[in-house]
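Protein sequence lines correspond, in order, to chains A and B. Positions 2 to 83 (the working numbering) are the ones given, in order, by the first sequence. Positions 2 to 83 (the working numbering) are the ones given, in order, by the second sequence. The beta-carbon is built from N, C-alpha and C at its ideal position, and this holds for glycine as well. Here the structure is a predicted model, which is why all the values come from computation and not from measurement.
Number of protein chains: 2
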Amino acid sequence: MKAYVYVSLKKSVLDPQGKTIQGALHKMGYRGLQEVRQGKYFEISLNGGLSKDQAQSEVERIAREVLTNPVIEEFRFSLEDS
Amino acid sequence: MKAYVYVSLKKSVLDPQGKTIQGALHKMGYRGLQEVRQGKYFEISLNGGLSKDQAQSEVERIAREVLTNPVIEEFRFSLEDS
Chain A
2 MKAYVYVSLK KSVLDPQGKT IQGALHKMGY RGLQEVRQGK YFEISLNGGL
52 SKDQAQSEVE RIAREVLTNP VIEEFRFSLE DS
Chain B
2 MKAYVYVSLK KSVLDPQGKT IQGALHKMGY RGLQEVRQGK YFEISLNGGL
52 SKDQAQSEVE RIAREVLTNP VIEEFRFSLE DS
């Protein structure tokens with residue numbers, strides 16, 4: 002089973018990295034961009050031994066306790082059989 | 002309209018950052034992980050003026066030409082009305 006975890010800055014937190022990318026894209030001539038925000042993305046392959054529920058709670062725990070800084074970041078994740 | 006671009010290392014490229022995260026998670030007692038790979042994730046808000054097709058091709062161009070290093074990375078993206 003595969004898990005995809007997406008970590009991004011909370012909406013209320015400034016994202017200077019995203020702002021820089023946006024500015025660069027604008028200078029390069031790309032139009033139609035209102036805002037760019039950057040986040041992190043983790044692809045986790047899980048052992049076949051886990052049930053869907055176990056995988057769900059394990060991945061949620063890893064995302065919450067390790068991959069995300071709860072002060073400034075939020076996460077979402079999805080599971081996929083493979 | 003919002004676009005989500007996911008950039009990850011090609012399968013054939015070693016990912017030491019992911020390996021480090023995997024090792025750390027293992028040491029911390031999380032079990033059931035086979036592999037962890039890290040990537041980047043961009044959330045792009047587009048002007049309302051673009052049609053779905055225009056947005057599709059603009060985002061694809063940005064992802065291919067700017068956000069991704071084609072030698073070692075690959076990308077996928079999705080669009081979402083909002």
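Using alpha carbons as the reference points, say which of 29/A, 34/A, 62/A and 69/A lies closest to residue 56/B. Ranked by Cα distance from residue 56/B, the first of 29/A, 34/A, 62/A and 69/A is 34/A.
Kindly indicate if chain B contains any beta-carbon less than 9 Å away from that of residue 22/A. Interface residue, yes.
Environment of residue 66/A [buried if 16+ CB atoms lie within 10 Å]: The Cβ neighbour count for residue 66/A, taken over all protein chains shown within 10 Å, is under 16; the residue is labelled exposed.
Other residues of its chain near residue 8/A: CB distance less than 7 Å, five sequence neighbours each side excluded: Only 40, 41, 68, 69, 74 and 76 meet the Cβ criterion.
Of the residues 72/B, 64/B and 71/B, which one's Cα is nearest the Cα of residue 37/A? Checked all of 72/B, 64/B and 71/B; the closest Cα to residue 37/A is 64/B.
Beta-carbon gap between residue 19/B and residue 43/A smaller than 9 Å: Yes, they are a contact pair.
Tell me which residues share the same chain as residue 46/B and place their Cβ nearer than 6 Å to its Cβ, disregarding the 5 neighbours each side in the sequence. Excluding sequence positions up to five before and after residue 46/B, its CB lies within less than 6 Å of the CB of 3, all in the same chain and listed in chain order.
Buried or exposed: residue 72/A, going by 16 or more other Cβ atoms within 10 Å of its Cβ? Classification for residue 72/A: exposed.
Suppose you measure from the CA of residue 54/A to the CA of residue 27/B; what does that come to, to the nearest Å? In this structure, the CA atom of residue 54/A is about 20 Å from the CA atom of residue 27/B.
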